[in-house]
Each structure stands twice: as structure tokens, then as C-alpha cells.
Amino acid sequence: MEDIITNKSLFLLFIMAISLLSCGESPLLNHKNEKSNPRIREKSKSCLSKGVFSGLCFNVIWSEGPATNGESKMKIRFWLAEDAENVNVEGLEVELWMPEHGHGSSPTTVNSIELGSYEVSDVYFIMPGFWEVRITAVVNGNRKSITTLKVNL
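Here this note's numbering runs 521 ahead of the position in the sequence shown, where the first position is 1.
Now the structure itself:
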């Protein structure tokens with residue numbers, strides 16, 4: 522009889538322990554402590570030599586992220602190659618796209634900080650994988666691609 526009570530007690534203790542441990546956040550789904558990839562955070566500086574944006578230079582700096590654990594943010598600065606003067610870009614948009622899955626994410630928000638400088642917020646990489654960050658602007662009433670950044674999370 523003592524063995525039955527001991528086995529029942531151990532079984533109940535085991536069930537209680539499992540129940541208590543399952544109350545926490547899943548380590549598979551919880552990305553709060555995820556580190557951003559330092560290679561992606563580095564500055565990307567480029568000057569365009571062809572098309573409607575010829576002579577336009579830009580750099581992108583990730584101020585937060587990129588990561589899948591919440592909002593990422595970036596700053597983009599534009600200047601002219603000929604005189605290094607900052608220049609505004611009309612209708613700047615940043616779109617997130619996951620080509621392997623054929624979908625994007627929620628719309629980003631682009632705010633002008635000062636002449637030629639923009640902050641992009643509401644950047645949410647909703648799942649791990651390969652993403653394109655498509656940066657476009659309007660020229661003569663038509664939306665044109667400036668660049669596409671590759672991000673692998």
C-alpha cells in the first residue's frame with residue numbers, strides 16, 4: 522500500500538511540476554532576448570551611377586534591429602555625389618517583402634528628420650527567413666526603385 526501512495530505522490534508531483542513549468546513563455550516562440558545580426562547592422566553606403574537616380578548617394582544605418590523580436594528602425598541619408606550636399610527624396614517608401622513566401626509585412630512609417638535624412642519605423646520582420654527591404658521614391662510621378670537590401674534573419 523505504501524508503494525501505491527508513494528507512486529501516486531510522485532505522479533502528482535510530476536504533473537504539478539509540468540503544469541507549473543508550462544505556464545512560462547515558450548522558448549521556441551519567445552524572441553525577446555534575440556540579438557540582431559551585427560553584419561546586417563553595418564552601414565551600407567552606395568552611390569548610384571545609372572538610371573533616374575544617377576549621382577544619388579545614400580547610406581542605411583539600422584538604429585534598432587533588424588530582428589524578429591519586435592520593432593526594428595533604420596535611418597537613411599541621401600546626398601549628391603557631385604557636391605556631397607544632402608538632398609530630399611520625393612515619396613520615399615520602404616517595403617518589407619519575403620520573396621520565398623510571397624508576402625510582406627505591415628506598412629512601415631517614413632519620417633523626414635532633416636534635409637536628406639529619414640527615419641523608418643514600424644519595421645516588423647514577422648518571421649525568421651530571407652527578407653528584402655525595398656526602398657523606392659517617386660520621380661516624375663512614377664515610383665522607382667532606389668535599392669533593395671537583403672536581410673536574412
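Even glycine gets a Cβ: it sits at the ideal position worked out from N, Cα and C.
What residues match up with residue i in a beta bridge as DSSP calls it?
i, result
"E579", "Looking at the sequence shown, residue 579 is not Glu but Phe. F579 is bridged to S567, F599."
"S633", "Y639"
"V644", "S593"
"K671", "E653"
"V615", "I656"
Is residue j closer than 7 Å to residue i when the C-beta atoms are compared?
i, j, result
"V615", "F599", "no"
"S633", "Y645", "no"
"N629", "D643", "It is worth fixing the name first, because residue 629 is Thr in this sequence and not Asn. Cβ distance < 7 Å, so T629 and D643 count as in contact."
"G637", "N607", "yes"
"V659", "G612", "yes"
From the DSSP output, in three-state form, read off residue i for me.
i, result
"V610", "coil"
"S666", "strand"
"S638", "strand"
"G623", "coil"
"S547", "With a pLDDT of 49 at S547, under the threshold of 50, the modelled position of this residue cannot be trusted; read the value that follows with caution. Coil at S547, not helix or strand."
"H552", "In this prediction, H552 has a pLDDT of 47, which is less than 50 and means its spatial position is unreliable; nothing more can be read from the coordinates."
"K529", "helix"
"V573", "helix"
On the DSSP letters alone, give me the boundaries of the beta strand (DSSP E) that residue i sits inside.
i, result
"E592", "Here E592 belongs to no beta strand (DSSP E), and DSSP marks it neither H nor E."
"F651", "651-660"
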